[in-house]
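Engineer: Below is a structure I'd like to ask you about.
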Amino acid sequence: MNRNELVTNIAEKSGLTKKDVEVVVSGLVDEITEALKSGDKVQFVGFGTFETRERSSRTGRNPQTGEEISIPASTVPAFRPGNKLKEAVK
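Printed below as a string of C-alpha coordinates:
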(Lines of atoms letter the chains of each structure in order from A; the text may use other names.)
(Lines give C-alpha, C1' and ligand atoms only; values in the text may rest on other atoms or scores of the structure.)
Protein backbone atom coordinates (compact mmCIF):
# COMPACT_ATOMS: atom_id res chain seq x y z
CA MET A 1 0.00 0.00 0.00
CA ASN A 2 1.38 3.41 -0.91
CA ARG A 3 0.56 6.82 0.54
CA ASN A 4 -2.27 7.58 -1.93
CA GLU A 5 -3.94 4.22 -1.27
CA LEU A 6 -3.67 4.85 2.48
CA VAL A 7 -5.29 8.27 2.13
CA THR A 8 -8.09 6.85 -0.03
CA ASN A 9 -8.80 3.98 2.38
CA ILE A 10 -8.89 6.26 5.42
CA ALA A 11 -11.13 8.76 3.61
CA GLU A 12 -13.60 6.02 2.67
CA LYS A 13 -13.70 4.55 6.18
CA SER A 14 -13.87 7.84 8.05
CA GLY A 15 -16.14 9.88 5.79
CA LEU A 16 -13.55 12.68 5.60
CA THR A 17 -12.38 14.16 2.32
CA LYS A 18 -9.16 12.98 0.74
CA LYS A 19 -7.75 16.48 1.15
CA ASP A 20 -8.40 16.47 4.91
CA VAL A 21 -6.90 13.01 5.31
CA GLU A 22 -3.83 14.02 3.28
CA VAL A 23 -3.27 16.96 5.65
CA VAL A 24 -3.47 14.63 8.66
CA VAL A 25 -1.14 12.00 7.13
CA SER A 26 1.38 14.67 6.12
CA GLY A 27 1.22 16.18 9.59
CA LEU A 28 1.77 12.78 11.20
CA VAL A 29 4.79 12.01 9.03
CA ASP A 30 6.24 15.49 9.65
CA GLU A 31 5.82 15.21 13.43
CA ILE A 32 7.40 11.74 13.55
CA THR A 33 10.30 13.01 11.44
CA GLU A 34 10.85 16.05 13.66
CA ALA A 35 10.74 13.92 16.83
CA LEU A 36 13.29 11.47 15.43
CA LYS A 37 15.54 14.34 14.32
CA SER A 38 15.58 15.68 17.86
CA GLY A 39 16.35 12.22 19.29
CA ASP A 40 12.90 11.48 20.73
CA LYS A 41 10.91 8.26 20.44
CA VAL A 42 7.36 8.18 19.06
CA GLN A 43 5.29 5.43 20.64
CA PHE A 44 1.83 4.23 19.62
CA VAL A 45 0.75 1.74 22.28
CA GLY A 46 -0.15 -1.56 20.64
CA PHE A 47 1.15 -0.46 17.23
CA GLY A 48 4.82 0.18 17.75
CA THR A 49 7.65 2.61 18.40
CA PHE A 50 9.60 4.78 16.01
CA GLU A 51 13.12 5.48 17.31
CA THR A 52 16.68 6.13 16.20
CA ARG A 53 19.58 3.76 16.54
CA GLU A 54 23.30 4.38 16.41
CA ARG A 55 25.40 2.44 13.93
CA SER A 56 29.06 2.24 14.80
CA SER A 57 31.78 2.89 12.26
CA ARG A 58 33.02 -0.17 10.46
CA THR A 59 35.22 -1.33 7.62
CA GLY A 60 33.59 -2.21 4.33
CA ARG A 61 34.77 -3.24 0.91
CA ASN A 62 34.24 -1.55 -2.45
CA PRO A 63 32.65 -4.31 -4.55
CA GLN A 64 34.12 -2.99 -7.81
CA THR A 65 37.73 -2.66 -6.72
CA GLY A 66 37.91 -4.83 -3.61
CA GLU A 67 39.51 -1.91 -1.76
CA GLU A 68 38.74 -1.61 1.95
CA ILE A 69 36.86 1.55 2.88
CA SER A 70 35.89 3.10 6.20
CA ILE A 71 32.14 3.47 6.75
CA PRO A 72 31.48 6.24 9.30
CA ALA A 73 29.16 5.97 12.29
CA SER A 74 25.59 7.09 11.64
CA THR A 75 22.16 7.48 13.21
CA VAL A 76 19.36 5.59 11.46
CA PRO A 77 15.57 5.50 11.97
CA ALA A 78 14.06 2.24 13.21
CA PHE A 79 10.60 0.83 13.94
CA ARG A 80 9.86 -1.72 16.65
CA PRO A 81 6.39 -3.29 16.28
CA GLY A 82 4.09 -3.57 19.30
CA ASN A 83 2.46 -6.75 20.56
CA LYS A 84 -0.99 -6.06 19.09
CA LEU A 85 0.52 -5.46 15.64
CA LYS A 86 2.58 -8.64 15.91
CA GLU A 87 -0.50 -10.65 16.86
CA ALA A 88 -2.60 -9.15 14.05
CA VAL A 89 -0.01 -10.07 11.44
CA LYS A 90 0.44 -13.69 12.59
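For the sequence shown, counting from 1, position 46 maps to 46 in the UniProt record's numbering; every step adds exactly one. Each residue gets a CB set at the ideal place from its N, CA and C atoms; glycine is no exception.
With 16 other CB atoms within 10 Å as the buried threshold, where does residue 7 fall?
Structural biologist: Classification of residue 7: buried, given that the 10 Å Cβ count is 16 or more.
Engineer: Classify residue 14 as helix, strand or coil using the three-state DSSP reduction.
Structural biologist: Residue 14 falls in the helix class under three-state DSSP.
Engineer: Can you list, in chain order, the residues of its chain whose CB lies under 6 Å from that of residue 49, leaving out five sequence neighbours each side?
Structural biologist: Contacts found: 41, 43 and 80.
Engineer: Just the Cα atoms here: how many angstroms apart are residue 9 and residue 30?
Structural biologist: The straight-line gap from Cα to Cα measures roughly 20 Å.
Engineer: Once the 5 residues before and after residue 145 are set aside, which same chain residues still bring their CB inside 7 Å of it?
Structural biologist: This structure leaves residue 145 out entirely; the chain is present only between 1 and 90.
Engineer: Could you check where the beta strand (DSSP E) with residue 87 kicks off and where it finishes?
Structural biologist: Note, residue 87: premise wrong, no beta strand (DSSP E); alpha helix (DSSP H) at 83-89.
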